[in-house]
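First residue of the sequence shown? That's 227 in the numbering used here, and the numbers climb one at a time after it. Don't be surprised by glycine CBs; every beta carbon is placed ideally from N, CA and C. Notes to accompany the following structure.
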Amino acid sequence: MRKIELNKRQELILEIVKENGPITGEHIADQLNLTRATLRPDLAILTMAGFLDARPRVGYFYTGKSGTQLLTENLKKLYVKDYQSIPVVVNENVSVYDAICTMFLEDVGTLFVVDERSILMGVLSRKDLLRASIGKQELTSIPVHIIMTRMPNITMCHKEDLLIDIAKVLIDKQIDALPVVKETEQGFEVTGRITKTNITKAFVSLAHD
Numbered sequence: 227m228r229k230i231e232l233n234k235r236q237e238l239i240l241e242i243v244k245e246n247g248p249i250t251g252e253h254i255a256d257q258l259n260l261t262r263a264t265l266r267p268d269l270a271i272l273t274m275a276g277f278l279d280a281r282p283r284v285g286y287f288y289t290g291k292s293g294t295q296l297l298t299e300n301l302k303k304l305y306v307k308d309y310q311s312i313p314v315v316v317n318e319n320v321s322v323y324d325a326i327c328t329m330f331l332e333d334v335g336t337l338f339v340v341d342e343r344s345i346l347m348g349v350l351s352r353k354d355l356l357r358a359s360i361g362k363q364e365l366t367s368i369p370v371h372i373i374m375t376r377m378p379n380i381t382m383c384h385k386e387d388l389l390i391d392i393a394k395v396l397i398d399k400q401i402d403a404l405p406v407v408k409e410t411e412q413g414f415e416v417t418g419r420i421t422k423t424n425i426t427k428a429f430v431s432l433a434h435d
């Protein structure tokens with residue numbers, strides 16, 4: 227993704243194109259008393275970022291799009307499939323103790339519970355495991371399917387979903403991660419996970435990539 231913030235020279239270029247477009251690169255350079263070669267990187271950035279449009283033998287046009295509009299457009303180009311990570315799963319028959327160990331070792335806040343076919347059966351959060359740990363219960367003898375959130379009360383997503391939509395789901399439901407699933411005849415196969423960290427990295431890339 228491209229930077230939305232512009233330097234002073236790039237802002238001047240936009241103003242010139244707004245007032246005089248279509249205008250060639252040579253004419254823009256003349257107005258700024260600079261060489262065409264000096265301006266070439268700025269024109270490339272403005273065109274690639276969507277502020278300007280360029281047509282051969284005609285010149286540069288101002289697209290009329292603000293930085294906010296361009297940011298919104300870029301957000302709508304981010305898909306789950308490009309930022310999902312490897313899912314951390316446990317079998318439905320493992321103990322709560324083993325699940326706690328897995329969560330600690332993998333340093334995650336959510337575990338996806340699957341059967342032997344990798345079909346999603348439930349979700350375990352830190353809160354689920356914490357609640358199960360309170361009291362005098364023997365954690366090695368309690369299977370996770372007793373305490374997990376079960377289907378159909380699980381929020382899922384697909385690799386083709388927009389990241390901005392999934393971000394809203396995470397905020398609205400106050401959860402940390404969603405399983406990325408693929409629908410099969412047996413059920414929903416877990417193929418990945420999308421977390422608040424994944425989404426944060428994607429949004430930061432809008433300004434720094």
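Min CB distance residue i to chain C below 8 Å
| i | result |
| --- | --- |
| C327 | The structure shown contains no chain C; it is built from a single protein chain. |
Extent of the continuous beta strand (DSSP E) to which residue i belongs
| i | result |
| --- | --- |
| E415 | F414 to T421 |
| M347 | L346 to S351 |
| V316 | V315 to N317 |
Span of the alpha helix (DSSP H) around residue i
| i | result |
| --- | --- |
| D333 | It is not in any alpha helix (DSSP H) - D333 carries neither H nor E in the DSSP assignment. |
| E386 | First-last for E386: undefined, no H or E at that position. |
| V306 | V306 to Y309 |
Counted within 10 angstroms of its Cβ, other Cβ atoms place residue i as buried (16 or more) or exposed
| i | result |
| --- | --- |
| L331 | exposed |
| L356 | exposed |
| M274 | exposed |
| S359 | exposed |
| T421 | buried |
| N319 | exposed |
| N233 | exposed |
| Q412 | exposed |
| T426 | exposed |
| T336 | buried |
DSSP-derived helix/strand/coil call for residue i
| i | result |
| --- | --- |
| K408 | strand |
| R357 | helix |
message: Runs of 3 residues minimum, wholly inside the segment 259-288: which ones carry the beta strand (DSSP E) assignment?
response: 278-281 and 285-288
task: Take every Cβ of the segment 309-318, pair it with every Cβ of the segment 395-402, and state whether three or more of those distances are shorter than 8 Å.
output: no
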